[in-house]
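Chains as they are written, first to last, in this note's numbering: chain A, 19 to 361; chain B, 19 to 361. Just so it is clear, CB atoms sit at the ideal spot from N, CA and C, and this is done for glycine as well. Since this is a predicted model, take the numbers as computed values, not measurements. Have a look at the structure below before the remarks.
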């Protein structure tokens, strides 16, 4: 129980909700030589990078701003979860194993109840992925949360975006589109029943980073990316960086039962252009199909073949419908448009 | 020359001022296997952590908010410099060598001229310290800048705050107090002539992180900290974490000629409680005095003995004046009060 009537200063606040919990957590991780409370955190090379095989360090950073990435009344537990989830998802897309993360947060006021819920969401997910909080900065200002996450991956094995090969199959994990379906209902773009909304909104508020899948894809997949801005937009990053093209069988892209009950047009919009699902899209040679199907059984969610990497200098995506026909160019362009935070 | 009349989207903006420059910069650093443009950056273990000797990874993060840490009309070149400088200063305080940094920035509008100057300030300092930008996130929102910096330090050798020993001398680099003297003039707490202000304001706007000094103190100093919140406040972190006390000869603390021309009271206030100087305060055994004096000659700035680590369970600082007398408790308390971002 916390006493939220007593005003807290910065140091009390950090100690109660972040530093003490973080340093308690770090005790379980021998690679963390120094956690919060010095000029820097220290991750021990001997106990992390050099164990077993030579390992590279993977690093990703994200910033979430109130009013832009979440609403002022966002549930602080889910917000704590999501801030870390989107960063863990980047580690997953490289096949990296989490080592730890830093948190920089500015907030307009010190509210113990908010911080308690936020830090619970954050630490619950961090503990689930053995990813200790090792450093941070807290200051007054508009609510803005910036997380940087670190992971290790065996030397040279990371699933980079430039490694897709002509002939690779394109795969996607679990289902996509529900986050966009829920967002559209919130924005009154289309109606959802309360039951439908409850079934899909968790995908928007509390995404599941596919950290295990990413690690298990090392040696199986060539390239990978997490779906944050939309399947086609994110896949196009792989294509551009690998200098290849692709065919995507758009009606093979897996969606939830709720999404499948909607019009074909809405299904396609949500699955192809909707962001925030944080599933993995990856490419792998056809001879890895059995291994990938085995992984799907082991992990308990679908891994679905949705396209093929083809050769071409144009680095374009051709969308193929359920009858095997390419979509008309204007419809194609509509799905292919990407996402610009400033437009 | 840039064309600042054309509106830029997020991707153009990142590419022009950050990504292209960062990836150009990274080419000079073989340890950067992947820079900006994938889900994570990758730092190669073989080319960094394992070279020569076993190395640990040092990590620090800071967030700067407009209106809190800098004014809306702050010079963007100096702001770019300062954002990175405060993080490099944390690496310096551990004795770590920079490996790279990430930048997360939210800003209300895309203004090419501002970004050009900001990125110039950032990259000029980064290049000076061989510290490439390896990852980032850019979004719309109130101007907020969060940097996370990474460095390597030989296994077990980092200058941590908990390593001060009874009998150690306490040292400070160069001079302290000018940043506070300039800030006070801006706040109309005291007057400075234009000439005086010009002489000292650089210490506030463009601090010099003591990265070389930090690295050279490995094997010489026991504990170190960078002076960001004020000499006594920062020293007290070392004392608390090392479970020791200290005597500080307050009139031995080195100040600039401008500061020395002010009243004794103002000198003490600026040197003891003023923050933002980003000099290093460190402790070392008396037998290292010659080595430290040698370092001072090599680096071209003063390293001054300002106190002693003493034994006591109270972890207090005793302030000694120029006549060798302890300061009265109420005056002492005034200098010892620290800094709380929320109060």
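- DSSP, read as helix, strand or coil, puts residue 134 of chain B in helix.
- At a Cβ-Cβ threshold of 9 Å, residue 323 of chain A and residue 188 of chain A count as neighbours.
- Interface with chain B (9 Å Cβ-Cβ cutoff): residue 94 of chain A is excluded.
- With fewer than 16 other beta carbons inside 10 angstroms of its own, residue 305 of chain B counts as exposed.
- DSSP places residue 320 of chain B outside both helix and strand once states are collapsed to three, so it counts as coil.
- For residue 52 of chain A, the neighbours in chain B by C-beta distance under 7 Å run, in chain order, 178.
- With fewer than 16 neighbouring CB atoms inside 10 Å of its own CB, residue 45 of chain B falls in the exposed class.
- Leaving aside the five residues that flank residue 253 of chain A on each side, the residues in its chain whose CB is nearer than 6 Å to its CB run, in chain order, 299.
- Excluding the 5 residues flanking it on each side, residue 237 of chain A has same chain C-beta neighbours closer than 8 Å at 175, in chain order.
- Across the structure, residue 38 of chain B and residue 118 of chain B are spaced so that their CA atoms are roughly 16 Å apart.
- Within the stretch 213 to 277 of chain B, the beta strand (DSSP E) runs of at least 3 residues that lie entirely inside it are, in chain order, 241 to 244, 263 to 267.
- Just so you know, the alpha carbons of residue 284 of chain A and residue 351 of chain A end up roughly 16 Å apart.
- For residue 98 of chain A, the closest Cβ of chain B is not nearer than 9 Å.
- Distances from the alpha-carbon of residue 290 of chain A to those of A:311, A:326, A:337, A:328 put A:337 closest.
- Residue 79 of chain A carries a strand assignment under DSSP once its states are collapsed to helix, strand and coil.
- Under the DSSP assignment, residue 103 of chain A falls outside any beta strand (DSSP E), being part of the alpha helix (DSSP H) whose first and last residues are 94 to 112.
- Residues of chain A whose Cβ lies closer than 8 Å to the Cβ of residue 112 of chain B are, in chain order, 56, 57, 58, 60.
- For residue 197 of chain B, no beta strand (DSSP E) run applies; the uninterrupted alpha helix (DSSP H) run containing it begins and ends at 196 to 204, by DSSP.
- B:310 is the residue among B:218, B:125, B:310, B:279 whose C-alpha sits nearest the C-alpha of residue 234 of chain B.
- Listed by position along chain A, the residues whose Cβ is nearer than 7 Å to that of residue 230 of chain B form an empty set, because the closest Cβ is around 16 Å away.
- Proximity of residue 261 of chain B to chain A, defined by a Cβ-Cβ separation below 9 Å, is not satisfied.
- Out of B:80, B:113, B:131, the CA that lies nearest to the CA of residue 34 of chain B is found in B:131.
- Apart from the 5 residues on each side of it in sequence, residue 208 of chain B sits with its Cβ closer than 6 Å to the Cβ of 202 in its chain, given in chain order.
- Here DSSP, grouped into helix, strand and coil, assigns residue 166 of chain A to strand.
- By the rule that beta-carbons nearer than 9 Å mark a contact, residue 84 of chain B touches chain A.
- Of the candidates A:75, A:113, A:83, A:172, A:75 places its Cα closest to the Cα of residue 153 of chain B.
- Linking residue 276 of chain B to residue 170 of chain A through their CA atoms gives a straight-line distance of about 50 Å.
- Residue pairing from DSSP places residue 122 of chain B in a beta bridge opposite B:155, B:164.
- In the structure shown, residue 299 of chain A adopts extended strand secondary structure according to DSSP, grouped into three states.
- Spatial neighbours of residue 313 of chain A in its own chain (CB-CB distance under 8 Å, excluding positions within 5 residues in sequence) are listed in chain order as 231, 234, 235, 238, 321.
- Cβ neighbours of residue 198 of chain B within its own chain (closer than 6 Å, five residues either side excluded): 288, 292.
- Put simply, the CB of residue 223 of chain A is far from chain B, with every gap to its CB atoms at 9 Å or more.
- Using a CB distance below 8 Å, the part of the stretch 138 to 166 of chain A facing chain B consists of 152, 153, 154, 155, 156, 157, 158, 159, 160, 162, 164, 166, ordered along the chain.
- Among the residues of the stretch 302 to 321 of chain A, none has a Cβ less than 7 Å away from any Cβ of chain B.
- If you check the CB distance, residue 159 of chain A and residue 97 of chain A do not come in under 9 Å.
- Setting aside the 5 residues that flank it on each side, residue 334 of chain A is surrounded in the same chain by 263, each with a C-beta closer than 7 Å to its C-beta; the list follows chain order.
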